[in-house]
């Protein structure tokens with residue numbers, strides 16, 4: 010085993026996302042044998058005791074000028090602490106990480122690809138300027154990386170990442186979740202009328218209020234389902250006032266405003282998950298949804314989009330949940346009604362979460378980091 014080393018993990022922010030949760034889990038695990046610092050542009054609801062966190066100081070909307078300042082502070086921090094390994098934990102932070110660390114030597118760079126790169130939405134490809142920009146950025150990341158970690162085999166559908174995988178530059182380490190911790194926290198109270206005993210069943214979606222998550226489709230589907238029987242909807246996550254207002258207006262126009270709740274951000278979504286009648290993942294794209302694994306851990310029935318990253322693989326087709334077209338509200342309505350209907354018609358998660366235990370993920374990361382430290386010592 011390599012001697013104790015310094016490791017820096019960069020995550021753009023500490024909002025309640027799978028990227029942040031995974032970054033903390035990785036920091037906890039690596040911190041048992043190494044000195045680990047988690048660096049972020051801005052704080053959020055996510056936190057863990059015992060992990061050294063450095064906040065670079067971003068707040069509110071981070072524009073181009075603010076990014077320049079954050080990049081300088083990130084570089085200065087890395088120079089000052091001289092870690093042997095630096096990890097960029099999610100796609101959102103990769104460009105800043107790449108630019109800030111340009112030219113620094115004596116460290117191994119690991120990029121964790123947490124999401125689909127192309128972001129196709131509704132079958133519509135990106136325009137040429139955006140595609141060219143993405144291609145340039147991807148080429149720069151592949152050139153800069155000492156190692157790339159893909160959170161699911163689904164990402165190998167990108168030819169560039171498939172080539173990196175074939176060459177040995179990229180490896181697949183699938184996301185995992187701490188089943189015992191999730192189930193313990195799920196026992197906490199959930200003080201919302203929708204979660205009260207005797208209330209109508211509710212559908213739960215988790216994530217930022219952004220177009221990627223396709224939450225408008227879910228509002229439409231729940232409105233359709235209410236023509237058959239009462240069903241509530243909880244959209245758990247943060248976003249802009251404009252995004253929130255748009256969803257509220259959509260619910261009002263469909264006559265279900267009193268059946269849609271947007272409680273905002275929480276550091277314990279599991280108390281909601283375990284009480285939900287069904288977990289919905291209607292995303293246009295994902296890499297590997299942590300929220301999906303958390304739903305399985307809670308034993309909550311699932312409906313997921315056919316385009317939500319590796320959801321179809323996680324659900325083994327439709328063995329452990331239902332798959333629906335992200336552009337078809339009628340199909341989603343039918344799936345939600347089935348998963349909240351009579352028990353004999355539901356498709357349940359069973360023990361599927363056991364295949365995604367966090368300790369397996371962290372063991373793979375530990376082996377990867379040890380190998381990179383060995384390579385770093387040889388270079389020196």
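In my numbering, the protein residues as written are 10 to 389. Don't be surprised by glycine CBs; every beta carbon is placed ideally from N, CA and C. The structure presented is a predicted model; accordingly, all values stated were derived computationally and were not measured.
DSSP, reduced to helix, strand and coil, places residue 303 within a helical segment of the structure shown. Taking C-beta separations shorter than 6 angstroms and ignoring five residues to either side along the sequence, the partners of residue 163 in its chain run 318 and 319, following chain order. Going by DSSP, residue 118 is part of no alpha helix (DSSP H) but of the beta strand (DSSP E) stretching over 117 to 122.
By the Cβ test, the region 280 to 298 is not in contact with the region 252 to 265, since fewer than three Cβ pairs between them sit closer than 8 angstroms. Under the three-state reduction of DSSP output, residue 49 falls in the strand class. With a 10 Å radius around the Cβ and a threshold of 16 neighbouring Cβ atoms, residue 282 comes out buried.
The Cβ neighbour count for residue 183, taken over all protein chains shown within 10 Å, is at least 16; the residue is labelled buried. Put simply, the backbone Cα of residue 385 is about 26 angstroms away from that of residue 101.
Assignment of residue 22 by DSSP, reduced to helix, strand and coil, places it in the strand class. In this chain, residue 223 is not harboured by any alpha helix (DSSP H), its DSSP state being neither H nor E. The DSSP-derived three-state label of residue 272 is strand.
If you look at residue 156, you'll find it in the beta strand (DSSP E) that goes 156 to 159. For residue 16, the three-state secondary structure derived from DSSP is strand. Residue 95 is positioned such that its CB atom lies no closer than 8 angstroms to that of residue 65. For the pair residue 160 and residue 180, the CB atoms are not nearer than the 8 angstroms cut-off.
For the 8 angstroms CB-CB criterion, residue 243 and residue 203 form a contact. The beta carbon of residue 88 is closer than 8 angstroms to those of 113 in its chain, skipping five residues each way along the sequence. Under DSSP, residue 215 shares a beta bridge with 245. The Cβ-Cβ distance between residue 47 and residue 34 does not fall below 8 angstroms.
Bounds of the beta strand (DSSP E) holding residue 64 are 61 to 64.
With contact defined as three or more Cβ pairs closer than 8 angstroms, the region 300 to 312 and the region 324 to 337 are in contact. Counted as a single uninterrupted DSSP element, the beta strand (DSSP E) harbouring residue 97 occupies residues 94 to 97. With 16 or more neighbouring CB atoms inside 10 Å of its own CB, residue 18 falls in the buried class. In this structure residue 85 does not touch residue 120 by the C-beta definition: roughly 21 angstroms separates them, more than the 8 angstroms allowed.
Here residue 363 is exposed, its C-beta having fewer than 16 other C-beta atoms within 10 Å. Of the candidates 357, 59 and 211, the residue whose Cα lies closest to the Cα of residue 267 is 211.
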